[in-house]
Amino acid sequence: MALLEATDLKKTYRRGEQTVEALRGVSVRVDRGELVSIMGPSGSGKSTLLHLVGGLDRPSAGSVRLDGQALESYSDGALSRFRRTRLGFVFQFFNLLPNLSALENVALPLLLDGASLGTVAPKARELLAQVGLEQRTDHRPAQLSGGEMQRVAIARALVGDPLLVLADEPTGNLDSKAGVAVLELLQKTVRERGQTLIMVTHDPNAAAYGTRQIRVQDGLIASDEPGR
Ligand SMILES: Nc1ncnc2c1ncn2[C@@H]1O[C@H](COP(=O)(O)OP(=O)(O)OP(=O)(O)O)[C@@H](O)[C@H]1O
Ligand SMILES: [Mg+2]
349 MALLEATDLK KTYRRGEQTV EALRGVSVRV DRGELVSIMG PSGSGKSTLL
399 HLVGGLDRPS AGSVRLDGQA LESYSDGALS RFRRTRLGFV FQFFNLLPNL
449 SALENVALPL LLDGASLGTV APKARELLAQ VGLEQRTDHR PAQLSGGEMQ
499 RVAIARALVG DPLLVLADEP TGNLDSKAGV AVLELLQKTV RERGQTLIMV
549 THDPNAAAYG TRQIRVQDGL IASDEPGR
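349 is the number of the first residue of the sequence shown in this note's numbering; add one for each residue after it.
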């Protein structure tokens, strides 16, 4: 069984009089262990696709099955719990909470799920060590560099042992050297843990790290090929 099976996904956004057909019928299957890169022009529907498969938004038509579960069958509350416990997200702007330490930011998904900091701190610490930040556990985001913030965000995405990691332009706000380091780290940690990654990126070098490259254009999949 495929880990992810999206069938004929459509998404229409309405803003007053205007409608935008962001996705016009996208079907894709992703198996466990794949590292998928999604590329395509600005406005082509990449983030929309990632949001739909990650249950951050609901499609106008079509369905998403993740680990055998149809996301459309979930209530909003059940969907947000599924996201918190089974998925990991890495965004372009890191989305760290400014008043929390690196350790607390990493632990946050488990804290939101009711765990105590005492029980999850060792795991958060271990993940921070894996991303090379064992010396930065007590720093707040403002006391970290951009690359360090993104490494904290990666550790946070992995802390719940997610089924699937979704990343949207994870290197969009980093210089090319920090970007390469973050990508190598993300792919290495995901691979080592036997996890699955779907990553949106503008950067062809970043896309080449994956095992598979999907190109989205005008709300449709234009090509889907093995990585280099
Ligand atoms: N909430 C929204 N309301 C209305 N239109 C939207 C909304 N979100 C996205 N769109 C439109 O849907 C289309 C696809 O947007 P999307 O964010 O998926 O593109 P993208 O491929 O991720 O682009 P980029 O590379 O610039 O991030 C765009 O034309 C965008 O303007
Ligand atoms: Mg986008």
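Ideal Cβ placement from N, Cα and C applies to all residues, glycine included.
Predicted model only: the values in this text are computed from it and were never measured.
- request: Please indicate yes or no: does the CB of Val368 lie closer than 7 Å to some heavy atom of ligand 1?
  value: Your numbering for residue 368 matches position 20 in the sequence shown. At least one heavy atom of ligand 1 is nearer than 7 Å to the Cβ of Val368, so yes.
First through last residue of the alpha helix (DSSP H) which encompasses Pro470: Numbered from 1 along the sequence shown, position 122 holds the residue referred to as residue 470. 465–478 is the span of the alpha helix (DSSP H), which, as asked, contains Pro470.
- prompt: What number of angstroms, rounded off, separates the C-alpha of Arg504 from the C-alpha of Gly436?
  reply: Position 156 of the sequence shown holds residue 504. Position 88 of the sequence shown holds residue 436. Cα-Cα distance, rounded: 8 Å.
Close-in-space but distant-in-sequence residues of the same chain around Leu522 (CB under 7 Å, 5 per side omitted): Translated into positions along the sequence shown, residue 522 becomes position 174. Correct list, in chain order: Gly494, Gly495, Gln498, Val530.
Phe430 vs Ala501 beta-carbon contact at 8 Å: One-based indexing of the sequence shown puts residue 430 at position 82. One-based indexing of the sequence shown puts residue 501 at position 153. No; because the gap between Cβ atoms is not below 8 Å, this pair is not in contact.
- prompt: CB-CB under 7 Å to His399, same chain, minus the five flanking residues each way: which ones, in chain order?
  reply: For the purposes of this step, residue 399 is identified with residue 51 of the sequence shown, where counting begins at 1. Leaving aside the five residues that flank His399 on each side, the residues in its chain whose CB is nearer than 7 Å to its CB run, in chain order, Asp405.
Residue span of the beta strand (DSSP E) that contains Asp572, given as start and end: On the sequence shown, position 224 is the one that residue 572 refers to. Looking at the DSSP string, the run of the beta strand (DSSP E) that includes Asp572 is 568–574.
- request: Compare the beta carbon distance of Leu451 and Ala469 with 8 Å and say whether it is the shorter of the two.
  value: Looking up residue 451 in the sequence shown gives position 103. Looking up residue 469 in the sequence shown gives position 121. Taking 8 Å as the Cβ cut-off, Leu451 and Ala469 qualify as a contacting pair.
field: Validate contact between the segment 562–571 and the segment 533–543 using beta carbons, cut 8 Å, 3 pairs
entry: no
query: Span of the alpha helix (DSSP H) holding Gly527?
result: Position 179 of the sequence shown, counted from the start, is the residue given in the question as residue 527. Looking at the DSSP string, the run of the alpha helix (DSSP H) that includes Gly527 is 524–540.
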